Amino acid sequence: MKKVVVLIILAIIFLMAATTTDMVYKKLSVFSQVYSYIKNNYVEEISDEKLVYAAIQGMVDLLDPHSACLTPEQCDNISEGTLGEYAGIGVDVTIKDGEVVVVSALDDSPAARAGIKSGDIILEIDDKVLSKKVSIDEVNKNLKGPVGSEVRLKIKRKPLNEPLIVKLIRERIRMQSVSGQLLDEGIGYVRISSFQDRTSVQLREILRDITSKADGELKGLILDLRNNPGGLFEQAVRVADMFLSEGVIVYTQGRGKKDNYEAEMAHPDDTQPNYPMLCLVNSGTASAAEIVAGALQDHKRAVIAGSTTFGKGSVQTIIELEDKSALKLTIARYYTPNKRAIQEVGIIPDVELEEMDTASKDKSGAIKEKDLPGHLKNKRKGKEDSGRIKNKLLQEDSILNQAYNYLKAMIVVNTNLNKGKEKNTK
Numbered sequence: 000m001k002k003v004v005v006l007i008i009l010a011i012i013f014l015m016a017a018t019t020t021d022m023v024y025k026k027l028s029v030f031s032q033v034y035s036y037i038k039n040n041y042v043e044e045i046s047d048e049k050l051v052y053a054a055i056q057g058m059v060d061l062l063d064p065h066s067a068c069l070t071p072e073q074c075d076n077i078s079e080g081t082l083g084e085y086a087g088i089g090v091d092v093t094i095k096d097g098e099v100v101v102v103s104a105l106d107d108s109p110a111a112r113a114g115i116k117s118g119d120i121i122l123e124i125d126d127k128v129l130s131k132k133v134s135i136d137e138v139n140k141n142l143k144g145p146v147g148s149e150v151r152l153k154i155k156r157k158p159l160n161e162p163l164i165v166k167l168i169r170e171r172i173r174m175q176s177v178s179g180q181l182l183d184e185g186i187g188y189v190r191i192s193s194f195q196d197r198t199s200v201q202l203r204e205i206l207r208d209i210t211s212k213a214d215g216e217l218k219g220l221i222l223d224l225r226n227n228p229g230g231l232f233e234q235a236v237r238v239a240d241m242f243l244s245e246g247v248i249v250y251t252q253g254r255g256k257k258d259n260y261e262a263e264m265a266h267p268d269d270t271q272p273n274y275p276m277l278c279l280v281n282s283g284t285a286s287a288a289e290i291v292a293g294a295l296q297d298h299k300r301a302v303i304a305g306s307t308t309f310g311k312g313s314v315q316t317i318i319e320l321e322d323k324s325a326l327k328l329t330i331a332r333y334y335t336p337n338k339r340a341i342q343e344v345g346i347i348p349d350v351e352l353e354e355m356d357t358a359s360k361d362k363s364g365a366i367k368e369k370d371l372p373g374h375l376k377n378k379r380k381g382k383e384d385s386g387r388i389k390n391k392l393l394q395e396d397s398i399l400n401q402a403y404n405y406l407k408a409m410i411v412v413n414t415n416l417n418k419g420k421e422k423n424t425k
């Protein structure tokens, strides 16, 4: 590790040789002195590795919040996130009131096949009791392992009195970043939770599936980007390209390029039909997800609905270092097709939507016919309001329900406009 320290200092000197000043050389000499003094005189022993990473992290801390020095373990986690694959049991967990609670088990995963359910509480992993101070990272690390290895869980499930012991064999788990279904009246719904290596491929497959269920023609589409933290820049561009046949998708601008923008362009191949479209966003919609929302908004391809997005308008690259650690560095800002800056501002929706109780009754206090004593009964209850919520997803998600109704109105307006145009041409 001492050799690594020397190499780091020499590399810095070499890289800065063309432009450096005497002051920089002196500061590097000071760095070397401080390093040596801490190493030899600090009250407790401290490893070279910790000192080196701390020095690098100190440089990175001067930059923006999204630049970072990543340890080899952190690099592995990022790789899993972008590739969408890992070896484990396929369960998503959270910490609630000091307990490790199962959020969901992935379809056809070892966890799902073993009958692990949402709400189950994991008490032990391989006979190791989980303390109230355990972190999500530690839990996930213990749940993961080599393909084919066994993991033993002790689970508490209400209302059972005795805990369950479940033995599972770890498998290669492929995470889905895209999910979707056909809602009522031919409207498609697609959710993208993050932009991973196969997101655009998964999206195309799901759109093909729900289109076939709609007899080959979607009436409209809701694209849900809420709480999508971003991910791979290239995948965001490919997703936007699926809905745009021409024009700029996003501009990027690097260091020292004040008037020099690099553009990612849309292509006419394999573009989705021009059906009415609504894109849902919120404060958790960030980075790559904002690229998609901004492109759809500027090209007027979709109505953006929900609340203002996070406002992360920067692009990072990851440079792998020789010890398997990495430097994540912000290298550019990005702008929407109309050259709107997203950084700090975010994407402001065309239509603001707020949470509400979809099942609530009229709270205005107004008297209706059904409230009058002796009112006539409806003898044709089979013909009740066709607008009643049928889909379970719409019942549980008030924002989505509002978006669905808004899109239905858009479809009606478009249909009437098209009929009017046809009438005028005859």
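Residues in the sequence shown are numbered from 0 upward in steps of one, following numbering that gives the first Met the number 0. Just so it is clear, CB atoms sit at the ideal spot from N, CA and C, and this is done for glycine as well. A quick note: this is a predicted structure, and the numbers were derived from the prediction, not measured.
- DSSP places K166 in the strand class (E or B) of the three-state scheme.
- Annotated three-state conformation of A301 is coil, per DSSP.
- Counting along the chain, no alpha helix (DSSP H) covers R197, and no H or E run does either.
- Judged by pairs of C-beta atoms under 8 Å, the stretch 191-208 does not touch the stretch 253-264, as fewer than three such pairs exist.
- C-alpha of E170 to C-alpha of L159: approximately 28 Å in a straight line.
- Taking C-alpha positions only, Q32 is separated from K49 by approximately 17 Å.
- Non-local C-beta neighbours of G87 in its own chain, meaning closer than 6 Å and more than five positions away in sequence, comprise L142, K143, R169 and I172, ordered along the chain.
- By the criterion of at least three beta-carbon pairs nearer than 8 Å, the stretch 70-85 is not in contact with the stretch 95-105.
- Boundaries of the alpha helix (DSSP H) harbouring A239: F232 to D240, taken from the DSSP string.
- The DSSP-derived three-state label of I341 is coil.
- For the 8 Å CB-CB criterion, A292 and V302 do not form a contact.
- Assigned with DSSP and collapsed to three states, T308 falls in coil, not helix or strand.
- Classified as buried, S324 has 16 or more neighbouring CB atoms from the shown chains inside 10 Å of its CB.
- Collapsing the DSSP output to three states places Q394 in a helix.
- Residue environment for V29: exposed (fewer than 16 other C-beta atoms within 10 angstroms of its C-beta).
- For V280, the beta-bridge partners assigned by DSSP are G305.
- In this structure, L167 lies near V150, with their beta-carbon atoms less than 8 Å apart.
- Taken atom to atom, the span from the alpha-carbon of K311 to that of A285 is near 6 Å.
- Remark: C-beta atoms of A113 and L105 do not approach each other more closely than 8 Å.
- In this structure, DSSP gives D47 a helical state, which the three-state scheme calls helix.
- Around the beta carbon of H298, a 10 Å sphere encloses 16 or more other beta carbons of the protein chains shown; the residue is thus reported as buried.
- Under the three-state reduction of DSSP, A67 is assigned to strand.
- Less than 8 Å separates the beta-carbon of L328 from that of Q315.
- In this structure, the alpha-carbon of K25 lies about 21 Å from that of Q56.
- Note that the stretch 216-225 does not touch the stretch 243-256; fewer than 3 beta-carbon pairs, one per stretch, sit closer than 8 Å.
- Counting of Cβ neighbours within 10 angstroms places S193 among the buried residues, the total reaching 16 or more.
- Taking 8 Å as the cut-off, the Cβ atoms of T335 and A294 count as close.
- Taking the Cβ atoms as the reference, I346 lies roughly 4 Å from T308, within the contact range of under 8 Å.
- The beta carbon of L352 sits closer than 6 Å to those of A304, G305, I398 and Q401, all from its chain and outside the five residues before and after it, given in chain order.
- Residues of the same chain with a CB within less than 7 Å of the CB of K212, apart from the 5 flanking positions on each side, are L181 in chain order.
- Within the same chain, I248, A265 and H266 come within 7 Å of D240 by CB-CB distance, once the 5 residues on both sides are set aside.
- Beta-bridge partners of Y85 (DSSP): I172.
- Counting only the Cα atoms, R237 lies some 25 Å from S66.
- Ranked by Cα distance from I330, the first of K376, I317 and D322 is I317.
- Taken in chain order, the complete alpha helix (DSSP H) segments of 4 or more residues contained in the stretch 102-163 are 109-112 and 135-142.
- In this structure Y333 is buried. Its beta-carbon is surrounded by 16 or more other beta-carbon atoms within 10 angstroms.
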